[in-house]
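Enquirer: The structure that follows is given in the form of structure tokens.
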Amino acid sequence: MRLMLRLGAEYKAYPAPLTSIRGRKPLFGEIGHTIMNLLVDLRNYQYTLHNIDQLLIHMEMGKSCIKIPRKKYNDVMKVINSSNEHVISIGASFSTEADSHLVCIQNDGVYQTQANSATGHPRKVTGASFVVFNGALKTSSGFLAKSSIVEDGLMVQITPETMDGLRLALREQKDFKITCGRVDAVDLREYVDICWVDSEEKGNKGVISSVDGISLQGFPSEKIKLETDFETDEKIVKCTEVFYFLKDQDLSISATRYQFAKEIAMACSAALCPHLKTLKSNGMNKIGLRVSIDTDMVEFQAGSEGRLLPQHYLNDLDSALIPVIHGGTSNSTSLPLEIELVFFIIENLF
255 MRLMLRLGAE YKAYPAPLTS IRGRKPLFGE IGHTIMNLLV DLRNYQYTLH
305 NIDQLLIHME MGKSCIKIPR KKYNDVMKVI NSSNEHVISI GASFSTEADS
355 HLVCIQNDGV YQTQANSATG HPRKVTGASF VVFNGALKTS SGFLAKSSIV
405 EDGLMVQITP ETMDGLRLAL REQKDFKITC GRVDAVDLRE YVDICWVDSE
455 EKGNKGVISS VDGISLQGFP SEKIKLETDF ETDEKIVKCT EVFYFLKDQD
505 LSISATRYQF AKEIAMACSA ALCPHLKTLK SNGMNKIGLR VSIDTDMVEF
555 QAGSEGRLLP QHYLNDLDSA LIPVIHGGTS NSTSLPLEIE LVFFIIENLF
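Per my numbering, the very first residue in the sequence shown carries number 255; after that it's consecutive.
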């Protein structure tokens with residue numbers, strides 16, 4: 255999200271450009287002195303900024319609000335349990351409710367902050383990409399708490415006692431208010447509210463299926479990156495995303511399901527590879543593959559622009575997919591399963 259918002263600021267679009275700019279210069283270079291250094295897990299050599307889908311950060315004059323969907327309680331607990339005692343850091347989602355958003359700009363290794371907004375709209379609510387609660391503020395500092403903008407996020411410095419209260423409130427799914435400012439400056443207060451909300455926002459707004467044109471709004475999805483490229487006639491097929499049609503009784507996406515989706519994507523890419531030139535010349539640049547599996551049922555459909563692919567393509571897909579799909583049915587804990595994979599056929603320009 256940091257890069258997409260930065261692209262928006264660079265090319266005067268909000269929140270981000272609709273098309274890529276071929277041959278553009280990189281907007282971020284070597285990692286410099288950044289807030290992310292505070293979040294490095296030196297034991298595992300990785301950043302520990304965990305993103306929670308649909309969590310929103312809204313900043314207004316004198317107050318900030320972190321809105322946490324109640325249904326994301328388990329994700330919040332994972333963040334709490336994996337964080338150290340002094341720091342809690344959470345990545346947020348882009349908010350369509352905000353009329354502007356913080357943007358991180360890197361100049362000569364130094365990170366700066368800008369705000370980007372839609373042209374002609376007044377800035378009332380500004381979104382942020384992350385929040386960091388730092389519980390190392392000393393009581394002797396003279397501050398109740400401090401809130402400040404850091405890069406494209408919000409930093410809240412609190413005392414160890416306030417950190418304990420925050421952790422308890424998160425575990426008990428209760429709202430929590432942090433009062434910021436000097437102890438002796440009663441008239442100059444700012445507030446950070448952590449609120450649990452019943453989120454009705456549905457992801458993938460406006461996305462439709464390439465298989466049959468149904469709406470995919472509200473269905474969770476995640477990006478897919480295959481380790482192998484599938485190329486022929488200077489055309490490449492790439493699987494970019496998987497959508498999960500989850501049942502009410504199962505609202506989780508397991509690593510097993512994701513790995514299975516990747517295996518299906520590999521098999522489908524290999525089957526499509528000999529046909530890439532023909533598919534692209536016929537305008538079928540985007541292809542959807544929907545797979546439905548249960549203990550007594552295996553089914554798949556492949557289409558482009560809402561119409562099923564011609565039968566001779568389906569025959570090749572059948573030969574490639576059925577062995578992989580049947581292999582996945584051996585793990586009954588992941589069933590029933592219905593997913594839709596998205597493929598793009600692109601030119602190899604290199």
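Built from N, CA and C at the ideal position, the CB exists for glycine as well.
Decide if N370 is buried, meaning its Cβ has at least 16 other Cβ atoms within 10 Å, or exposed.
Expert: Under this definition N370 is a buried residue.
Enquirer: Verify whether the separation of the beta carbon atoms of L259 and H355 is less than 8 Å.
Expert: yes
Enquirer: Taking just the CA atoms, how far does C449 sit from G345?
Expert: Each residue's Cα considered, the two are about 16 Å apart.
Enquirer: Cutting at 6 Å between CB atoms, please list the residues of its own chain near G467, excluding the five before and the five after it.
Expert: G560
Enquirer: What is the residue span of the alpha helix (DSSP H) that I334 lies within?
Expert: Y327 to S336
Enquirer: The beta strand (DSSP E) that contains E553, what's its start and end?
Expert: M551 to S558
Enquirer: Do you know how far the Cα of L424 is from the Cα of I322?
Expert: A direct Cα-Cα distance of roughly 10 Å separates I322 from L424.
Enquirer: Can you tell me where the beta strand (DSSP E) holding F514 begins and where it ends?
Expert: Where F514 is concerned, there is no enclosing beta strand (DSSP E), although the alpha helix (DSSP H) it sits in stretches over A509 to L526.
Enquirer: Since P323 sits in a beta bridge, which residues does DSSP pair it with?
Expert: Answer is V451, bridged to P323.
Enquirer: Would you kindly report the start and end of the unbroken alpha helix (DSSP H) that includes L543?
Expert: From DSSP, L543 is part of no alpha helix (DSSP H) but of the beta strand (DSSP E) over K540 to D548.
Enquirer: Report the CB separation of I547 from L591 in whole angstroms; it is logged as a contact under 8 Å.
Expert: Their Cβ separation, rounded to whole angstroms, is 5 Å, which keeps I547 and L591 in contact under 8 Å.
Enquirer: Helix, strand or coil: how does DSSP classify Q503 here?
Expert: At Q503 the pLDDT is 48, less than 50, meaning the model places this residue with poor confidence; the figure from the coordinates comes in the next sentence. Coil, per DSSP.
Enquirer: For the alpha helix (DSSP H) holding M290, just list the boundary residues, first then last.
Expert: Neither: M290 is in no alpha helix (DSSP H) and is coded neither H nor E.
Enquirer: Evaluate I541 with the Cβ neighbour count: other Cβ atoms within 10 Å of its Cβ, from every protein chain shown; 16 or more gives buried, anything less gives exposed.
Expert: buried
Enquirer: Taking the alpha-carbon positions, what's the D452 to Q308 distance?
Expert: Within the model, the alpha-carbon separation for D452 versus Q308 is close to 11 Å.
Enquirer: Out of T367, R436, D550 and I579, which one is the CA nearest neighbour of R256?
Expert: That would be T367, whose Cα lies nearest to the Cα of R256.
Enquirer: If you follow the alpha helix (DSSP H) that G537 is part of, which residue opens it and which one closes it?
Expert: No alpha helix (DSSP H) contains G537, which DSSP labels as neither H nor E.
Enquirer: Between the alpha carbons of K479 and E495, how many angstroms are there, rounded?
Expert: 8 Å
Enquirer: Below 8 Å CB to CB, which residues in the same chain sit around L442 once its five sequence neighbours on both sides are set aside?
Expert: G435 and R436
Enquirer: Whole angstroms are fine: how far does the CA of K317 sit from the CA of Q503?
Expert: In this prediction, Q503 has a pLDDT of 48, which is less than 50 and means its spatial position is unreliable; what the coordinates show is noted afterwards. Counting only the Cα atoms, K317 lies some 38 Å from Q503.
Enquirer: So within the region 366 to 454, which uninterrupted beta strand (DSSP E) runs reach at least 3 residues, ignoring any that extend past its ends?
Expert: 384 to 388, 397 to 404, 407 to 412, 430 to 436 and 444 to 451
Enquirer: What first and last residue would you give for the alpha helix (DSSP H) that runs through L257?
Expert: R256 to E264
Enquirer: Since L562 sits in a beta bridge, which residues does DSSP pair it with?
Expert: G557
Enquirer: Would you kindly report the start and end of the unbroken beta strand (DSSP E) that includes I344?
Expert: V341 to G345
Enquirer: Touch check for the region 392 to 408 and the region 264 to 284: three-plus C-beta pairs under 8 Å?
Expert: no
Enquirer: Residues in its own chain within less than 7 Å of K516 by CB, not counting five upstream and five downstream?
Expert: I478 and L480
Enquirer: Quick check: the Cα distance between G528 and K534, rounded to an integer number of angstroms?
Expert: This sequence places Pro at residue 528; Gly is not what is there. Roughly 12 Å separates the two Cα atoms.
Enquirer: Note down the Cα distance separating G537 from D487, rounded to an integer number of angstroms.
Expert: 16 Å
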